[in-house]
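In this note's numbering, the protein residues as written are 1188 to 1357. See below for the structure under consideration.
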């Protein structure tokens, strides 16, 4: 993916995520979140997108960077299915309502998360660290690595998942 984010005060304020292999384009800012297709260099089929809380619980997770706690979390939360895609696209699937949770149990780089985080937050979702604070950017002291986090379609889902994540990591 190609990920571009504008950050202010340690927070992603706008972001663009492009998946050249599929032509999927996502962006989000104070005006909302949107998805489109890029075919032959032309942007088409622009649609507003929003998170979806209802229905069977779907999760996006990292199989290539998995953690032992992930399977137990899925069982505890009674996840119907999980989807495996790249880091920034996980946020976009939540933003488009195709999943509700993205628990991250391993470190990832801010450049893999900031743009997707901006898209998800513009679509109505949240991204929190394990303390329940909004995930921030610009951490030179950590080589721009994020700690573990939860991205969710709502604060309620984030709280529920965060409690389980912290229990599993204790």
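Just so it is clear, CB atoms sit at the ideal spot from N, CA and C, and this is done for glycine as well. The structure displayed is predicted, hence computed values, not measured ones.
Taking the C-alpha atoms as reference points, what is the distance between residue i and residue j?
| i | j | result |
| --- | --- | --- |
| residue 1299 | residue 1246 | 18 Å |
| residue 1196 | residue 1323 | 9 Å |
| residue 1314 | residue 1229 | 31 Å |
| residue 1301 | residue 1227 | 27 Å |
| residue 1337 | residue 1212 | 23 Å |
| residue 1188 | residue 1238 | 21 Å |
| residue 1193 | residue 1318 | 24 Å |
| residue 1221 | residue 1289 | 19 Å |
| residue 1348 | residue 1208 | 32 Å |
| residue 1252 | residue 1304 | Any answer about residue 1252 is weak, because its pLDDT of 49 lies below 50 and its placement is not dependable; what the coordinates show is given next. The straight-line gap from Cα to Cα measures roughly 19 Å. |
Starting from residue i and walking both ways along the alpha helix (DSSP H), at which residues does that stretch end?
| i | result |
| --- | --- |
| residue 1308 | 1297-1309 |
| residue 1237 | It is not in any alpha helix (DSSP H) - residue 1237 carries neither H nor E in the DSSP assignment. |
| residue 1273 | No alpha helix (DSSP H) contains residue 1273, which DSSP labels as neither H nor E. |
Classify residue i: buried if its beta carbon has 16 or more other beta carbons within 10 angstroms, exposed otherwise.
| i | result |
| --- | --- |
| residue 1308 | buried |
| residue 1350 | exposed |
| residue 1332 | exposed |
| residue 1275 | buried |
| residue 1215 | buried |
Pop quiz: residue i and residue j are said to be a contact at Cβ under 8 Å. What is the actual Cβ separation, rounded to whole angstroms?
| i | j | result |
| --- | --- | --- |
| residue 1340 | residue 1218 | About 20 Å; that fails the 8 Å criterion. |
| residue 1191 | residue 1310 | Residue 1191 to residue 1310, Cβ: 17 Å. No contact. |
| residue 1203 | residue 1279 | Rounded, the Cβ-Cβ distance is 10 Å, inconsistent with contact. |
| residue 1312 | residue 1281 | 5 Å |
Tell me which residue opens and which closes the beta strand (DSSP E) that residue i is part of.
| i | result |
| --- | --- |
| residue 1205 | 1198-1206 |
| residue 1195 | 1189-1195 |
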